[in-house]
Each structure stands twice: as C-alpha cells, then as structure tokens.
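Trainee: Starting off with a structure, shown below.
Residue numbers (the working numbering): 44 to 322.
In structure tokens:
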C-alpha cells in the first residue's frame with residue numbers, strides 16, 4: 044500500500060495530525076511526497092517540514108518542488124538552489140526505493156532558471172533507466188517527479204514538464220507503470236493515453252493535490268486531499284481522499300481501478316465514495 048501526497052507548505056495542524064494518525068493506522072509500505080515541502084524555501088519552513096517527515100514512520104520517497112527553490116534571493120536561487128532541501132530533507136535529490144515487487148525512483152525536476160517550469164536531464168533519465176530496467180516481470184515500477192506530464196482536465200496555468208513526450212519514451216522503455224507528481228495543486232488520476240494517444244505504453248498518472256496546506260486550486264481550492272494506492276497482482280486501486288470538516292478527518296471521495304499489466308483502460312474510471320467512511 045502506498046500513500047501519495049504533496050504540498051506540506053504551511054501546515055494546517057488539525058489536518059496534519061489527522062493525516063499522521065491515519066498513516067500510523069494504515070502503515071503503508073511507502074509514503075510518496077512529490078514536492079513543495081515549503082512555501083518559499085526558508086529555513087524555518089524546512090525545519091517544519093523535517094519535523095513533519097520525522098513523524099512518518101513508513102519508508103518515504105521525497106522530491107523537491109519549485110517552491111523549495113528560493114524565489115526572491117536571486118544569488119541563492121542560481122548558486123544554491125536546493126541547499127535548504129539538502130540540509131533538512133535529503134542530501135540526494137534523486138532517490139530510489141527498491142523492494143520485492145516494487146521499484147520506485149524520485150527525480151528532481153526543479154530548475155533555477157525557471158520560476159514554475161520543470162525539466163529532467165538525460166543523465167537523470169539514464170539514472171532512472173538503470174534502476175527500473177531488468178527487474179522481474181511482476182515488479183511494479185513508479186517514477187516520482189514534481190512537475191506534471193499531463194495537465195489535469197481544465198487546468199490552464201502552466202504547461203507540462205519540458206520535453207514531456209521525449210521523457211515518456213524513456214519511461215515507457217523502462218516499463219514504468221505509474222507516474223506520481225504534484226505542482227498543479229489539484230488531483231488528477233488517469234493515464235498517459237489521455238493526453239498522448241500514440242504512446243507505446245499506457246502509464247497510470249496520479250497527480251496529488253495539497254494535503255495539509257491552503258494551496259489547493261481550481262475545483263480543489265481550499266480543499267485538502269491525498270491518494271491511497273493499493274497494488275495487486277492483476278489490478279491497481281487508487282482511492283482519492285478529501286478532508287471533511289463535518290467529520291474532522293480525511294474520507295474516501297472516489298475510487299479508480301486499473302488493470303495490470305497494461306494499465307490501459309480503467310475498469311472503473313470513477314466511483315463516487317463521498318458518503319462513505321474509511322474502513
């Protein structure tokens with residue numbers, strides 16, 4: 044079982060406490076945080092993010108987001124863009140997690156020369172290829188990156204990651220099953236064929252909203268969400284959870300079921316679970 048979330052930023056204490064309680068109860072195999080741990084890469088914000096991460100007992104993959112690069116301090120932005128991240132979060136900005144049946148890599152897509160956009164270098168893609176290729180056939184392969192490869196439906200602000208299609212070709216060749224991202228401040232669950240109809244391999248795409256900050260956008264404005272992912276031999280179940288003010292907890296909102304190994308046509312594009320509670 045995996046948990047996918049993003050946007051720690053300015054913590055909402057009640058939501059943060061509820062999320063940590065739920066993580067402790069579930070005990071996921073892996074927690075994935077796809078960037079924007081801070082609002083403006085300030086030291087006190089990194090300290091707060093580190094404290095939150097230390098409260099999560101499960102293994103984690105974390106990648107930086109564009110908010111984790113200094114914005115107003117131009118010198119630090121270009122010459123020390125991720126010093127705070129490396130000091131408080133991880134010395135490595137490209138990471139991996141390999142266990143029986145699961146191979147996940149996290150790639151840093153932030154760049155100093157762009158305010159919002161992202162990019163992956165050839166060296167990063169080669170690094171990911173080396174860790175994802177030649178795995179047993181049953182291995183489920185995940186790539187975590189902050190910037191999105193597919194824009195959520197109706198999302199007009201900002202484009203996809205630079206050279207997205209070229210990067211996807213490499214990920215297809217590696218046998219990638221799922222891409223987890225953030226950046227758009229709202230959830231999207233689908234697959235690469237939704238946007239790239241000629242793709243050679245369908246890759247499930249899960250774009251996380253904001254879990255414990257007020258940075259949600261569009262239909263998730265002022266909302267807090269995260270995704271729970273369960274991987275089975277023949278299917279992948281993704282449950283989208285949203286904060287309920289009435290219940291003071293995160294509650295299941297929708298479910299999405301994809302077949303393995305082709306990840307292509309979902310069995311269930313969306314089931315409304317908004318009146319149900321987590322079991």
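Using N, Cα and C, we set each Cβ at its ideal position, and we do this for glycine too.
#1: Look up residue 292 in the DSSP assignment and say whether it is helix, strand or coil.
#2: Does DSSP put residue 58 in a helix, a strand or coil?
#3: Please state the DSSP three-state secondary structure of residue 163.
#4: What are the partner residues of residue 135, as DSSP defines its beta bridges?
#5: In the DSSP output, what is residue 140 paired with across the bridge?
#6: Is there contact between the stretch 201–219 and the stretch 108–123, where contact requires at least three CB pairs shorter than 8 Å?
#7: What are the partner residues of residue 286, as DSSP defines its beta bridges?
#8: Only counting runs of 3 or more residues, tell me where the beta strand (DSSP E) segments fall wholly within the stretch 215–240, in order along the chain.
#9: Is DSSP giving residue 212 helix, strand or coil here?
#10: Apart from the five residues just before and just after residue 220, which ones in its own chain have a Cβ nearer than 8 Å to its Cβ?
#11: Could you pull out every residue in the same chain whose Cβ sits closer than 8 Å to the Cβ of residue 212, ignoring the five residues on either side in sequence?
#12: Flag this pair as yes or no: are the beta carbons of residue 63 and residue 98 separated by less than 8 Å?
#13: Beta-carbon within less than 7 Å of residue 60's beta-carbon, same chain only, minus the 5 sequence neighbours each way: which residues are those?
#14: Apply the 10 Å Cβ neighbour rule to residue 73 and answer buried if 16 or more other Cβ atoms are within range, or exposed otherwise.
#15: Hey, would you say residue 283 sits closer than 8 Å to residue 296, going by beta carbons?
#16: According to DSSP, is residue 8 part of a helix, a strand, or is it coil?
#17: As a quick exercise: from 88, 116, 83 and 148, pick the residue whose alpha carbon is nearest that of residue 103.
#18: Would residue 115 be called buried (16 or more neighbouring beta carbons within 10 Å of its own) or exposed?
#19: Look up residue 68 in the DSSP assignment and say whether it is helix, strand or coil.
Mentor: Let me spell this out:
#1: Position 249 of the chain shown, counted from the start, is the residue given in the question as residue 292. Strand at residue 292.
#2: Translated into positions along the chain shown, residue 58 becomes position 15. Helix.
#3: For the purposes of this step, residue 163 is taken as residue 120 along the chain shown, with counting starting at 1. Residue 163 falls in the coil class under three-state DSSP.
#4: Within the chain shown, residue 135 is the residue found at index 92, counting from 1. Beta bridge pairing from DSSP links residue 135 with no other residue.
#5: Numbered from its first residue, the chain shown carries residue 140 at position 97. 147, per the DSSP bridge assignment.
#6: Three or more beta-carbon pairs separated by less than 8 Å are not found between the stretch 201–219 and the stretch 108–123, which leaves the two stretches without contact.
#7: Counted from its first residue, the chain shown places residue 286 at position 243. In the DSSP output, where bridge partners are listed per residue, residue 286 has 293.
#8: Listed in chain order, the beta strand (DSSP E) elements of length 3 or more contained wholly in the stretch 215–240 are 221–224 and 231–234.
#9: Locating residue 212 in the chain shown gives position 169, counting from the first residue. Residue state, collapsed to three classes: helix.
#10: Position 177 of the chain shown, counted from the start, is the residue given in the question as residue 220. Around residue 220: 183, 184, 185, 246, 247, 279, 303, 304 and 306.
#11: One-based indexing of the chain shown puts residue 212 at position 169. Only 243 meet the Cβ criterion.
#12: For the purposes of this step, residue 63 is taken as the residue at position 20 of the chain shown. For the purposes of this step, residue 98 is taken as the residue at position 55 of the chain shown. If you check the CB distance, residue 63 and residue 98 come in under 8 Å.
#13: Position 17 of the chain shown, counted from the start, is the residue given in the question as residue 60. The answer is none, since no qualifying residue turns up.
#14: Counting from one through the chain shown, the residue named residue 73 turns up at place 30. Residue 73 comes out buried.
#15: On the chain shown, position 240 is the one that residue 283 refers to. On the chain shown, position 253 is the one that residue 296 refers to. Yes, they are a contact pair.
#16: Beyond the ends of the chain as shown, which are 44 and 322, falls residue 8; an answer cannot be given.
#17: Residue mapping note: residue 103 aligns to position 60 of the chain shown, counting from 1. Among 88, 116, 83 and 148, the Cα nearest to that of residue 103 belongs to 148.
#18: Residue numbering aside, residue 115 sits at position 72 when the chain shown is read from its first letter. That one is exposed.
#19: Counted from its first residue, the chain shown places residue 68 at position 25. In the displayed model, residue 68 falls within a helix according to three-state DSSP.
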